[in-house]
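A short write-up of the structure that comes next.
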Amino acid sequence: MMRDSNDAEALIQVRTYGTRGPTVVVLHGGPGAAGYIAPVCRELSDSFRVLEPLQRMSEGEPLSVRRHVTDLHDVISLHCEAARPALVGHSWGAMLALVYAAAHPDRAGALVLVACGTFDESSRREYLSAVECRLDPRLRSRLREVSRTIADADVRMCVTGRLLEPVYSYDLLPHPDETEFYDARGHEETWKDMMHLQRTGVYPAAFGHITAPSVMLHGVDDSHPGESIWRCLRSVMPQLEYCELPHCGHYPWYERHACEEFYDLLRQWLAIHAT
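Every letter in the sequence shown is one number past the one before it in the working numbering, and letter 262, counting from 1, is 262.
And the structure:
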């Protein structure tokens, strides 16, 4: 069962699933694409108490990584009492999980990094090169058309994301887009801050403070270079494990040939490490 929580103290909306078992916080990516991770939350809800924060949208002040960390800390403090919930993050959400665990190692439990983003220039170049190689002329033309004809930045982000799904994937099952809202401005502001923090050496160095058990679950066919990202992170997190999923791209729960293995691995890891 899924319920909405809008407690003023939490500041951001939190959807909750399940009523028993260890607490798991599931973090969506984007940033600025809240809600699409709901299928993973529902799948885990029979064995875990799942929290799905819908990350803050852009407002007066530019969104920052620190703001997202503060929001997540408020959610965990409000909903988890003294517990250290496991954090399952996808893409940008995996990056946020790392940042939070480094800032609050006493409140973060085990980490599961699903299709994690990049933290160094070398990995980022690999990622951009992979995307470039997968763009065929027809898709390039459609992307140019979207950029030219859709004035609303949030709608443009939505349409562009759907067009690029095959570029990041292997063989997706048909699925609806469960994103609650798109926030192009928040996406740009948050990424700008994250890139600044990486350039100035804050990340990934700060992740050396993380002692919690941690694992990367990464599709072999994801355009994000899993092994390169793992090597970068493992230089400061020697406990970080790495598990590749064959025939799998950036959205493992939608992959025809990998979704069952993905959920099996996720459940097994959480059963052992979530408390």
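C-beta atoms are modelled at their ideal positions from N, C-alpha and C, and glycine is treated no differently.
Here the structure is a predicted model, which is why all the values come from computation and not from measurement.
Cβ-based burial, residue i [other Cβ within 10 Å; buried from 16]
i    : result
V155 : exposed
G109 : buried
L98  : buried
A274 : buried
P225 : buried
D177 : exposed
S123 : buried
S223 : buried
C133 : exposed
T118 : buried
D7   : Residue placement at D7 is poorly supported in this model, since its pLDDT is 42, which falls under 50; the coordinates still yield a value, given next. Exposed, by the Cβ-count rule.
L266 : buried
E52  : buried
E260 : exposed
A184 : buried
G60  : exposed
Residue i versus the options, residue with shortest Cα-Cα distance
i    : options                   : result
P213 : P85, D74 and E52          : P85
R107 : S129, A258, R134 and V24  : V24
S91  : Y251, R125, C158 and R256 : Y251
L270 : E61, L111, R20 and V69    : L111
Q239 : I272, W253 and V215       : V215
H196 : R42, D120, S141 and Y168  : D120
E145 : L128, L163 and S129       : L163
I272 : F48, T149 and T200        : F48
H79  : R199, P166 and Q13        : Q13
Y100 : R148, Q268, T149 and H73  : H73
Where residue i falls: helix, strand or coil (DSSP)
i    : result
V202 : coil
V236 : coil
S214 : strand
E81  : coil
F119 : coil
C248 : coil
H90  : strand
C243 : strand
L54  : coil
S5   : In this prediction, S5 scores a pLDDT of 45, lower than 50, which makes its location untrustworthy; no coordinate-derived value is stated.
Y182 : strand
A10  : Residue placement at A10 cannot be trusted, given a pLDDT of 41 that sits under 50; the coordinates are not used to answer.
A110 : coil
H273 : helix
A151 : coil
T23  : strand
A258 : coil
G226 : helix
R161 : A quick correction: the sequence has Gly, not Arg, at residue 161. Reduced to three states, the DSSP call for G161 is helix.
Y17  : strand
L172 : strand
Test item: CB-CB of residue i and residue j under 9 Å
i    : j    : result
L233 : C116 : yes
L54  : L217 : no
S235 : P204 : yes
E189 : S77  : no
G21  : T179 : no
M157 : A33  : yes
R15  : A38  : yes
V40  : V75  : no
P105 : T211 : yes
F207 : A102 : yes
V202 : Y168 : no
L96  : P137 : no
R56  : D46  : no
G219 : E244 : yes
Whole-angstrom C-beta distance between residue j and residue i, which should lie under 8 Å
i    : j    : result
V50  : Y17  : 4 Å
Y182 : G249 : The pair is not a contact, with the Cβ atoms about 21 Å apart (cut-off 8 Å).
G186 : L63  : 5 Å
Y254 : L173 : 5 Å
T160 : L135 : About 12 Å; that fails the 8 Å criterion.
H308 : D221 : Only positions 1 to 275 of the chain appear in the structure, and residue 308 is not among them; the question remains open.
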